[in-house]
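Student:
Number of protein chains: 2
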Amino acid sequence: MAERKSERTRAAILTAARERFGADGYERATVRAIAADAAIDPAMVIRYFGSKEKLFAEAAEFDIRIPDLSDVPADEVGARLVRHLVTRWEEEDTFRVLLRTAATNESAAERMRQIFASQLAPTLARLAVDQPALRAGLVATQALGFALCRYILQFPPVTALSADQAVAFLAPTITRYLTEPLS
Amino acid sequence: MAERKSERTRAAILTAARERFGADGYERATVRAIAADAAIDPAMVIRYFGSKEKLFAEAAEFDIRIPDLSDVPADEVGARLVRHLVTRWEEEDTFRVLLRTAATNESAAERMRQIFASQLAPTLARLAVDQPALRAGLVATQALGFALCRYILQFPPVTALSADQAVAFLAPTITRYLTEPLS
DNA sequence: CACGAAAGTCAACAGCCGTTGGCATATGCT
DNA sequence: AGCATATGCCAACGGCTGTTGACTTTCGTG
Numbered sequence: 001m002a003e004r005k006s007e008r009t010r011a012a013i014l015t016a017a018r019e020r021f022g023a024d025g026y027e028r029a030t031v032r033a034i035a036a037d038a039a040i041d042p043a044m045v046i047r048y049f050g051s052k053e054k055l056f057a058e059a060a061e062f063d064i065r066i067p068d069l070s071d072v073p074a075d076e077v078g079a080r081l082v083r084h085l086v087t088r089w090e091e092e093d094t095f096r097v098l099l100r101t102a103a104t105n106e107s108a109a110e111r112m113r114q115i116f117a118s119q120l121a122p123t124l125a126r127l128a129v130d131q132p133a134l135r136a137g138l139v140a141t142q143a144l145g146f147a148l149c150r151y152i153l154q155f156p157p158v159t160a161l162s163a164d165q166a167v168a169f170l171a172p173t174i175t176r177y178l179t180e181p182l183s
Numbered sequence: 001m002a003e004r005k006s007e008r009t010r011a012a013i014l015t016a017a018r019e020r021f022g023a024d025g026y027e028r029a030t031v032r033a034i035a036a037d038a039a040i041d042p043a044m045v046i047r048y049f050g051s052k053e054k055l056f057a058e059a060a061e062f063d064i065r066i067p068d069l070s071d072v073p074a075d076e077v078g079a080r081l082v083r084h085l086v087t088r089w090e091e092e093d094t095f096r097v098l099l100r101t102a103a104t105n106e107s108a109a110e111r112m113r114q115i116f117a118s119q120l121a122p123t124l125a126r127l128a129v130d131q132p133a134l135r136a137g138l139v140a141t142q143a144l145g146f147a148l149c150r151y152i153l154q155f156p157p158v159t160a161l162s163a164d165q166a167v168a169f170l171a172p173t174i175t176r177y178l179t180e181p182l183s
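So the protein lines, in turn, are chains A and B. When we follow full-length UniProt numbering, the leftmost residue of the first sequence carries the number 1, and every step to the right adds one. When we follow full-length UniProt numbering, the leftmost residue of the second sequence carries the number 1, and every step to the right adds one.
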């Protein structure tokens, strides 16, 4: 069972990495600091993950896990979606890591675009009355803007919101973006 | 006229700095690269601005210049505001510099919060039916989310939008955040 | 117990970074 | 012209970065 120990430290590194990347962003989070948090030698980080960039790639793997909304009443879709997103964002650091980093790191931005294109857009496409890509894009602006103001920029009025309040305000916007007829 | 020349290079540095900061973010934009863009020695950058941080502070000075909307018909406030923001964001690099950097740099985030609190919130407060801080916060989530998806993450459906389309979609959301009764 | 591989330590590398001080040059004033 | 000062270049510093290779310890297995 020589591998048991190694998997534990591997997980420790990953946890520390997510914390540091999430708090400081990619550039300012140093391998040495991550190693210190995980109480191991910086060399081990490289040994386990090959490079800082590969470590980040693994630390920022994120599945948004959008539920199937196809048999949810049309007027509840927005609320269900918003609640799912907020829950999902707050139960892991991963998304925050990705969002924070995506602003200054092109590969993280690309990953963000991929999540949008492969996870969010297809699901929303079945709920939009027309122009699915455009409507998914609009939904993304509101969803990510909320995440930005709440978790990254930490605007006081936005951080002060409860999850319920957030859902109540954002849901109608999402619904409108998916269904409002184009003028 | 010894100062004329210096002011020209000072401006050149500032321009190059805004470009680099805007493209790469604070950490990855090096003093050396900025100096190279301005066709000048790295030492001059420090001589003129004292430090990289002070250079950034000056490069990221941004006045959102929100117009007086107090005598605009209530149903046009959203459109006017959105159009102003998009115009303002696109006529300078400054805002993009700030937004990109705010994700990983605490002092830039603080500046963002200040712009929100001292420039946006007070104006919106006079337009909101109640709970001015909360409503201004909601407006910010939609406005900044749009900027994030369009200028930073560059989601294709969002970059594809014309200014007119953006206004048409976002304006009703803004109006609703300012006026919709709380349930 | 002995052996070998896995896990971890340590020191050092080369390469950037922001910043500094000294020195050349140009420019404007008297 | 000659001086003072502003402007600019150059080389170098100390510090931090990701990454590497050699060495030591740990530990499961024959």
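We put the CB at the ideal spot given by N, CA and C, even for glycine. All values reported here derive from a predicted model rather than from experimental measurement.
Residues in the same chain with beta-carbon distance under 8 Å from residue 2 (chain A), minus the five sequence neighbours each way, listed in chain order, please.
Tutor: With a pLDDT of 40 at residue 2 (chain A), under the threshold of 50, the predicted position of this residue should be treated as unreliable, though the coordinate-derived value follows. Closer than 8 Å at the Cβ level, and outside the excluded window around residue 2 (chain A), lies no residue.
Student: Are there 16 or more other CB atoms within 10 angstroms of the CB of residue 182 (chain B), so buried, or fewer, so exposed?
Tutor: exposed
Student: Just the Cα atoms here: how many angstroms apart are residue 201 (chain A) and residue 27 (chain B)?
Tutor: Outside the shown range of chain A, which is 1 to 183, sits residue 201 (chain A), and nothing can be said about it.
Student: Identify the continuous alpha helix (DSSP H) that holds residue 146 (chain A) and give its terminal residues.
Tutor: Membership of residue 146 (chain A) in the alpha helix (DSSP H) is indicated by the continuous run 132-147.
Student: For residue 167 (chain B) versus residue 79 (chain B), is the C-beta spacing smaller than 8 Å?
Tutor: yes
Student: Should residue 145 (chain A) be flagged as near chain B, meaning a C-beta pair shorter than 8 Å?
Tutor: Yes, residue 145 (chain A) counts as interfacial toward chain B.
Student: If we count Cβ pairs, one from each stretch, closer than 8 Å, do we get three or more for the region 92-109 of chain B versus the region 115-126 of chain A?
Tutor: no
Student: Along the UniProt domain "HTH tetR-type" (7-67) of chain B, where does the CB come closer than 8 Å to a CB of chain A? Name the residues.
Tutor: 24, 25, 26, 27 and 28
Student: So does the region 170-182 of chain B actually touch the region 127-145 of chain B, counting three or more Cβ pairs closer than 8 Å?
Tutor: yes
Student: Any contact between the region 153-164 of chain A and the region 123-136 of chain B? By contact I mean 3 or more CB pairs, one from each, below 8 Å.
Tutor: Yes, the region 153-164 of chain A is in contact with the region 123-136 of chain B.
Student: Taking a Cβ distance cut-off of 7 Å, strictly less, list which residues of the region 108-136 of chain A are near chain B, in chain order.
Tutor: 109, 112, 113, 116, 133, 134 and 136
Student: Do residue 20 (chain A) and residue 48 (chain A) count as a contact pair if the criterion is CB distance below 8 Å?
Tutor: no
Student: Would residue 98 (chain A) and residue 146 (chain A) qualify as a contact pair, given that the criterion is a beta-carbon distance under 8 Å?
Tutor: no
Student: If I measure Cβ to Cβ from residue 72 (chain B) and keep anything under 6 Å in the same chain, skipping five residues before and after, which residues do I get?
Tutor: Only 80 meet the Cβ criterion.
Student: In chain order, which continuous runs of the alpha helix (DSSP H) of length 4 or greater are located wholly inside the region 61-123 of chain A?
Tutor: If we require 4 residues or more, the alpha helix (DSSP H) runs fully inside the region 61-123 of chain A come out as 77-90, 94-102 and 106-115.
Student: Candidates B:165, B:126, B:150 and B:43: which alpha carbon is nearest residue 67 (chain B)'s?
Tutor: The candidate whose alpha carbon is nearest that of residue 67 (chain B) is B:126.
Student: Just the Cα atoms here: how many angstroms apart are residue 164 (chain A) and residue 45 (chain A)?
Tutor: 40 Å
Student: Between residue 95 (chain B) and chain A, is the shortest Cβ-Cβ distance under 8 Å, so that the two count as touching?
Tutor: With 8 Å as the cut-off, residue 95 (chain B) does not count as an interface residue toward chain A.
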